[in-house]
Structure formats: C-alpha cells, structure tokens
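Using this note's numbering, the first residue of the sequence shown is number 3, and each one after it goes up by one.
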Amino acid sequence: MAMAKPVLSLLVHLHAALLFLPDPAGVAVYNSLTIANSKNVVVAGVRSVDSELFHVVVLQCHGVTVRGVTVEAPADSPNTDGIHLHMSSHVSVYDARISTGDDCISVGPGNSHLWIERVACGPGHGISIGSLGKQQGMEVEAVQNVTVKTTWFTGTMNGLRIKTWGGSKRGFVTGVTFADSTMSGVDNPIIIDQNYCPDSSGCPGAGRSSSIRISDVRYVGIRGSSATLVAVNFDCSRSNPCSGISLQDVALTYQNRAAAKSYCRNVQGTTLGLVLPPSCL
Ligand SMILES: *[C@@H]1O[C@H](CO)[C@@H](O)[C@H](O)[C@H]1NC(C)=O
C-alpha cells in the first residue's frame with residue numbers, strides 16, 4: 003500500500019506487542035489490532051482509522067465478542083479489511099460501522115460458529131466468506147455455521163459474498179445464513195464466486211475448478227438496489243457444484259429503476275416466498 007498512515011486508535015498501542023507474534027497464517031503482521039491465541043475476549047468501542055493492513059484480526063481464538071467497532075479508511079486503500087476472522091470459533095460481531103478499501107468483514111478458513119449482527123458497510127468490498135482455496139498451510143479449509151444478520155451495504159463492491167480460488171485445495175463452506183440485509187447501489191449484492199481472481203490474472207488456480215464444496219447457504223430477507231444488472235450471481239465450481247442454496251423473500255432491483263437479473267452456474271437450490279430478480283436455481 004502506497005500511503006501507510008499512522009493508526010489513531012489508542013488501543014492499538016496496548017496491543018502493539020501482539021502485532022509481531024510468529025504467525026503461520028501470515029495475517030498478524032502490520033494489522034492495527036490483533037487478538038491471537040486467546041479465549042473469552044471482549045473488544046468494545048474501538049475506532050480504527052487508516053490501518054496499514056487489516057484493522058482488526060481475530061486469529062486462532064475461541065469465544066470473542068467484538069462490539070461497537072468503527073473502522074475508517076479510504077475506499078482505495080488495498081488490503082484494509084475491517085474485521086478479519088481466522089481459524090476461530092464462537093466469535094460474535096455486533097454493531098460495527100465499517101468504511102474501508104477492502105472487505106468490511108472477511109471470514110477466512112478454519113472458522114466456525116460465528117454470529118455477525120448489525121453491520122453497516124460502505125465503502126468497502128462487502129462481507130465475505132473467504133477467500134478460501136489459496137494455500138494457507140491448512141489441510142482442509144473449512145467454514146461452518148455462520149449467521150450474518152441485519153446488515154446495510156451502501157455503494158459497496160459486494161454485499162454478501164462467498165469467494166474461493168480455483169484449484170485443488172480441499173475445503174468446504176456449510177451452514178451459512180444471511181438474513182435481513184439492505185443494499186443501496188451495491189455492485190454484487192448476492193454473490194458466490196468460485197473463480198475468484200482479484201486482478202484477473204496470475205491467480206494460483208486460475209482456470210481450474212475449485213475443490214471447495216459450498217452447501218446449505220440461506221439468503222432470507224435481502225432487499226434494495228444493485229448497481230449492476232446481475233444482482234444475484236451464483237458462479238460455482240464445475241467439479242463441486244453448490245448445493246442446498248436457498249433464496250427466501252428477496253427483492254433486489256437494478257438501480258431502483260429496472261428489473262435485475264440472476265446468474266446461475268453449477269448450482270442447485272430452492273426458493274421460498276417472493277424472489278426478485280426471478281431465481282435461476
Ligand atoms: C452455531 O453457532 C452458534 C453461535 O453463533 C451457536 O450458538 C450454535 O449452537 C451453533 N449451531 C450448531 C448447530 O453448532
């Protein structure tokens with residue numbers, strides 16, 4: 003990142019020693035606040051401004067509550083994820099306000115039993131599960147039992163996203179509920195991207211189908227406007243198609259003016275209630 007600005011959050015200094023812990027996953031270095039190898043931790047009321055890399059990281063923890071965190075960074079600051087969860091379980095995030103240049107919240111591999119509720123995101127790249135399937139030193143990259151409830155996305159690149167790289171890395175994502183979400187001018191409100199390749203070239207598994215299996219993902223009560231024509235995009239793996247995807251009470255328009263579209267590839271699922279754009283499941 004070109005302009006590394008000083009971090010203003012006071013708490014960051016208290017945790018400075020944690021920044022340089024040996025970290026096999028390579029995610030703890032140069033983040034503003036890292037909680038690592040801990041259990042039963044509460045982080046409340048922290049404000050992080052212009053972090054060099056990720057703002058808040060929860061790494062290899064059990065039982066962490068992150069409450070009332072505010073994150074601020076420019077829309078064009080790369081790798082400045084707001085809150086990144088990694089190899090952790092029983093983590094809850096409540097009442098976060100995140101404006102940043104990368105994912106507002108990212109859920110990396112090895113996470114389970116997460117509860118994320120009341121998050122305002124924008125600008126930013128949305129709330130993402132993944133990316134998974136890039137070699138990160140784990141035998142199997144798994145994410146399970148995640149609830150993301152009551153979220154607001156304003157002018158973000160994505161809303162609710164699951165992303166995996168192509169290639170043979172084994173893993174799965176299962177038991178995810180995305181409920182009660184409002185989108186305002188979001189490029190990709192609902193997206194599963196199993197051909198994730200952020201710079202469109204030079205990606206490790208580019209062109210190969212992903213070995214990450216995605217199943218049992220529910221979208222309930224998702225409304226608002228897409229900034230692009232395709233509001234619901236399920237681009238799943240040829241070798242491991244998505245299964246058990248469900249859409250219930252979804253109402254997304256194209257720029258508040260026109261009907262949006264859905265895109266489906268290698269995906270099986272069901273719909274319930276009113277679903278707009280009409281589903282291709
Ligand atoms: C899923 O995670 C939540 C915590 O977010 C937990 O309360 C619940 O028991 C978990 N469900 C299962 C089936 O493990």
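We put the CB at the ideal spot given by N, CA and C, even for glycine.
Based on the DSSP secondary-structure assignment, which residues constitute the bridge partners of residue i?
{"i": "D237", "result": "D195, R267"}
{"i": "G226", "result": "M185, L254"}
{"i": "C61", "result": "Cys is not the amino acid found at residue 61; the sequence shown has Leu there. DSSP, once it has assigned bridges, lists A38, H88 as partnering L61."}
{"i": "L278", "result": "A253"}
{"i": "Y32", "result": "None, per the DSSP bridge assignment."}
{"i": "R69", "result": "A46, Y96"}
{"i": "A261", "result": "T255"}
{"i": "S74", "result": "For the record, residue 74 in the displayed sequence is Glu; it is not Ser. DSSP lists V51, S101 as partners of E74."}
With 16 other CB atoms within 10 Å as the buried threshold, where does residue i fall?
{"i": "L23", "result": "Because L23 carries a pLDDT of 43, less than 50, the predicted location of this residue cannot be relied on, and the following value inherits that uncertainty. The residue is exposed, with fewer than 16 neighbouring Cβ atoms inside 10 Å."}
{"i": "E141", "result": "exposed"}
{"i": "G47", "result": "exposed"}
{"i": "R240", "result": "exposed"}
{"i": "T272", "result": "exposed"}
{"i": "K41", "result": "exposed"}
{"i": "G139", "result": "exposed"}
{"i": "A75", "result": "buried"}
{"i": "G209", "result": "exposed"}
{"i": "R259", "result": "exposed"}
{"i": "A261", "result": "exposed"}
{"i": "V44", "result": "exposed"}
Rank the options by C-alpha distance to the C-alpha of residue i and give the top, closest one.
{"i": "I100", "options": "S90, H115, P125, I118", "result": "P125"}
{"i": "F180", "options": "S212, Y198, Q196, D218", "result": "D218"}
{"i": "G275", "options": "K165, G223, T230", "result": "G223"}
{"i": "T156", "options": "S183, A262, V234", "result": "S183"}
{"i": "L283", "options": "V252, S248, R259, Q257", "result": "S248"}
{"i": "I85", "options": "S264, S227, V109", "result": "V109"}
{"i": "E54", "options": "S130, G65, V68, S34", "result": "S34"}
{"i": "Q270", "options": "A144, V60, I194, D97", "result": "I194"}
{"i": "S91", "options": "C63, N242, Y198, V150", "result": "C63"}
{"i": "W154", "options": "D237, A98, V232, K165", "result": "A98"}
Exercise. Whole beta strand (DSSP E) runs in the segment 98-184 with 3 or more residues, listed along the chain?
Worked result: 107-109, 113-123, 129-134, 143-156, 160-166
Exercise. Does the segment 127-145 come close enough to the segment 164-181 that 3 or more CB-CB pairs lie under 8 Å?
Worked result: yes
For this session: Pair every Cβ in the segment 100-119 with every Cβ in the segment 69-83, then say whether three or more of these pairs are closer than 8 Å.
Result: yes
Problem set entry | the segment 198-212 contacting the segment 146-162, beta-carbon criterion three pairs below 8 Å | no
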